[in-house]
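A short worksheet on the structure shown next.
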Amino acid sequence: MVFEIPVKARFCETDALGHISNISYFIYLEEARTDFFAELGFGDDVNNWSIILASIKCDFVKQGHYNQQLIVLTEVSHMGNSSFQLVHKIKDAQSGELIAKGEASAVHFNFETQKSEALPDDKRKKLEKYLVVEESHSGN
Numbered sequence: 001m002v003f004e005i006p007v008k009a010r011f012c013e014t015d016a017l018g019h020i021s022n023i024s025y026f027i028y029l030e031e032a033r034t035d036f037f038a039e040l041g042f043g044d045d046v047n048n049w050s051i052i053l054a055s056i057k058c059d060f061v062k063q064g065h066y067n068q069q070l071i072v073l074t075e076v077s078h079m080g081n082s083s084f085q086l087v088h089k090i091k092d093a094q095s096g097e098l099i100a101k102g103e104a105s106a107v108h109f110n111f112e113t114q115k116s117e118a119l120p121d122d123k124r125k126k127l128e129k130y131l132v133v134e135e136s137h138s139g140n
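Quick note on the UniProt record's numbering: the sequence shown kicks off at 1 and runs consecutively.
What follows is the structure, given as structure tokens:
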């Protein structure tokens, strides 16, 4: 299963070179991530927030431009005891061309103890619906 959101590149998200600024991609990834967490039912109340980011990265594959219609696809690539890895693909909505790809490592976190905690079974089950198994591409 893949979670998908639409994004439209706004003028303020472009740079002096006329393409989407590299920082804007991180905003798109954050929007996808927070919408994904809300969809799963564990990211819609900041008073009960229990997920923190450990790391995030984005690879820029192709230039995006002002007013371009994009889609951000989100899946889970790995699950550990208290952490999980999200993978994102930002694509042109019309052509499907890959514009950027990102990864985010998230941790189930207890703010009172300031320590990670095991993912509860209900959250684990919701995440598992979006878990993908990477196919091996031998010889490529």
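Note that beta-carbon positions come from the ideal geometry of N, C-alpha and C, so glycine has one too.
Nearest residue (CA-CA) to residue i, options the options
i	options	result
Asp121	Ser83, Lys101, Arg33	Ser83
residue 145	Glu117, Ala9, Leu127	Since the first and last residues shown for the chain are 1 and 140, residue 145 lies out of range.
residue 142	Phe36, Gln68, Ala100	Outside the displayed range of the chain (1 to 140) lies residue 142, so it cannot be described from this structure.
Ser55	Lys62, Gln94, Leu29	Leu29
Leu70	Leu86, Asn47, Glu31	Glu31
Beta strand (DSSP E) segment containing residue i, residue limits
i	result
His14	One detail in the question is off: residue 14 reads as Thr in this sequence, not His. It is not in any beta strand (DSSP E) - Thr14 carries neither H nor E in the DSSP assignment.
Val7	3-8
Asp59	51-60
Status (buried if at least 16 other CB within 10 Å, exposed otherwise) for residue i
i	result
Ile23	exposed
Lys8	exposed
Gly96	exposed
Ile27	exposed
Leu119	buried
Lys129	exposed
Leu53	exposed
Glu117	exposed
Glu13	buried
His19	buried
Gly41	exposed
Whole-Å CB distance - residue i paired with residue j, under 8 Å assumed
i	j	result
Arg33	Thr74	7 Å
DSSP beta-bridge partners of residue i
i	result
Lys89	Leu73, Lys101
Lys115	Asn110
Ser83	Val107
First through last residue of the alpha helix (DSSP H) which encompasses residue i
i	result
Ala38	22-40
Lys129	Neither: Lys129 is in no alpha helix (DSSP H) and is coded neither H nor E.
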